[in-house]
């Protein structure tokens, strides 16, 4: 698969996981709403799960941006070497 396709697939996976956390929290709300402690645990657990998935997704975004920067730098160095070797051949 192409790197961008894999990246998109990761994003879709994290979105699906986020929706599943929300659905599970909705199902649990009936029992949790009877106790402030359970409400706090349910909301805290759902929030930290979603924040964790966002952090992992963000790390992939940063890696992708860094890889593009490295690829551009390597391409520039390759072009510079080719230009220098062409000047030397003349």
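In my numbering, the protein residues as written are 14 to 103.
Note that beta-carbon positions come from the ideal geometry of N, C-alpha and C, so glycine has one too.
The alpha helix (DSSP H) enclosing residue i, as first and last residue numbers
| i | result |
| --- | --- |
| residue 23 | 16-45 |
CA-to-CA distance, residue j to residue i, given in whole angstroms
| i | j | result |
| --- | --- | --- |
| residue 67 | residue 19 | 17 angstroms |
| residue 42 | residue 80 | 42 angstroms |
| residue 23 | residue 99 | 43 angstroms |
| residue 95 | residue 15 | 28 angstroms |
| residue 97 | residue 90 | 10 angstroms |
| residue 27 | residue 53 | 23 angstroms |
| residue 29 | residue 60 | 15 angstroms |
| residue 47 | residue 17 | 46 angstroms |
Member of the options whose CA lies at the smallest distance from the CA of residue i
| i | options | result |
| --- | --- | --- |
| residue 21 | 71, 33, 58, 37 | 71 |
| residue 64 | 98, 32, 16 | 32 |
| residue 58 | 88, 85, 38 | 38 |
Integer Cβ distance of residue i from residue j, believed to fall under 8 angstroms
| i | j | result |
| --- | --- | --- |
| residue 51 | residue 45 | 4 angstroms |
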